[in-house]
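Everything on this sheet refers to the single structure shown next.
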Amino acid sequence: MVAMPTSALLPPRGGARGITRFFSVMFLCSVCTALPAQKREAVQLSNRYNDVTQIMSGATQYLLPQFTDGTVMFNTGERASAKLNYNILLEQMQFIGDDSSVMAIANLEAVQYVSIGKRFFVKYKSAFIEVLLDGEVQLGVARKLRIVDHRKDGGYGGATSLMKVESVSAMDGAPADHLTGTEELIFEESRIYYLIKNLKPKVANKKTFIKAFPACKEEIAKQKDVDYSKEEQLRALVILCQSVEN
Numbered sequence: 663m664v665a666m667p668t669s670a671l672l673p674p675r676g677g678a679r680g681i682t683r684f685f686s687v688m689f690l691c692s693v694c695t696a697l698p699a700q701k702r703e704a705v706q707l708s709n710r711y712n713d714v715t716q717i718m719s720g721a722t723q724y725l726l727p728q729f730t731d732g733t734v735m736f737n738t739g740e741r742a743s744a745k746l747n748y749n750i751l752l753e754q755m756q757f758i759g760d761d762s763s764v765m766a767i768a769n770l771e772a773v774q775y776v777s778i779g780k781r782f783f784v785k786y787k788s789a790f791i792e793v794l795l796d797g798e799v800q801l802g803v804a805r806k807l808r809i810v811d812h813r814k815d816g817g818y819g820g821a822t823s824l825m826k827v828e829s830v831s832a833m834d835g836a837p838a839d840h841l842t843g844t845e846e847l848i849f850e851e852s853r854i855y856y857l858i859k860n861l862k863p864k865v866a867n868k869k870t871f872i873k874a875f876p877a878c879k880e881e882i883a884k885q886k887d888v889d890y891s892k893e894e895q896l897r898a899l900v901i902l903c904q905s906v907e908n
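Next comes the structure, spelled out in structure tokens:
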């Protein structure tokens, strides 16, 4: 895999362009795409200098199978086009530079949102949330790869599970002094869902739903068994509330 230096993706020079209406074309009538199964991969570390980004498959650590034409919209109204992809492992929006190296967008404070193909992403802290359903209030998802198990070679072909991981400094290639022999880290994708209004995400739960959809308060109260970690249930609730609000 190509080395990943960090670099700023700067807006093009010239006069500022007006900001286009957010998601005006791509998400007509709340059209959405089903998400694939959650990613999972076992990564074997053979020494304390291993870099997980170099060992893990691109299919697991990247959201899309390949870097795709996209646009970064800045707060100034300026925009920049590039081949983009979202690295779930590092939680970075990355692009291919002029020298074909893979780099991360560094000046995040200047970014308003990102589009890749027909997918849109809202900046949230140092990461990005993908918009799943459009509207005055959008439904979004943040993805991460978490370590769910840590196994150490127990000898004779066996493996011992060590659920507590003291350090994962090998993630960025730094020495991980706790590693001795062959160890295996089990990564699994986790998802947190958000309601987004005016580009400001809030974790999806009953309270934030009522605040985002005040006219739907009674309908939300009737939904006793909503699991706010289940995407299909959140999609249904958002569509219900959108119909009530409209």
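Following the working numbering, the numbering of the sequence shown begins with 663 at its first residue and continues without gaps.
Backbone N, C-alpha and C fix where the C-beta goes; we use that ideal spot for every residue, glycine too.
Apart from the 5 residues on each side of it in sequence, Val799 sits with its Cβ closer than 6 Å to the Cβ of Leu857, Lys859 and Ala874 in its chain, given in chain order. DSSP, reduced to helix, strand and coil, places Phe871 within a helical segment of the structure shown.
Within the same chain, and ignoring the five residues on either side of Lys745 in sequence, the residues whose Cβ sits closer than 8 Å to its Cβ are Phe729, Thr730, Asp731, Gly732, Phe757 and Ile758. Between Ile778 and Leu726, the C-beta spacing is below 8 Å. By the Cβ test, the region 768-776 is in contact with the region 735-755, since at least three Cβ pairs between them sit closer than 8 Å. Residue burial annotation: Asp796 is buried, with at least 16 other C-beta atoms found within 10 angstroms of its C-beta.
One Cα belongs to Lys787, the other to Val803, and the distance between them is close to 14 Å. Rounded to the nearest angstrom, the gap between the Cα atoms of Val734 and Asn749 is 16 Å.
Our two residues, Asp760 and Ala721, have alpha carbons roughly 23 Å apart in a direct line. Residues of the same chain with a CB within less than 7 Å of the CB of Val865, apart from the 5 flanking positions on each side, are Ile854 and Tyr856 in chain order. Selection Lys862, Leu902, Phe783 and Ala699 evaluated against Asn747 yields Phe783 as nearest (Cα-Cα). For Ser762, the secondary structure class from DSSP, reduced to helix, strand or coil, is coil. Here Gln706 is bridged, per DSSP, to Glu846. Between Ser719 and the set Ile767, Lys785 and Leu807, the nearest pair of CA atoms involves Leu807.
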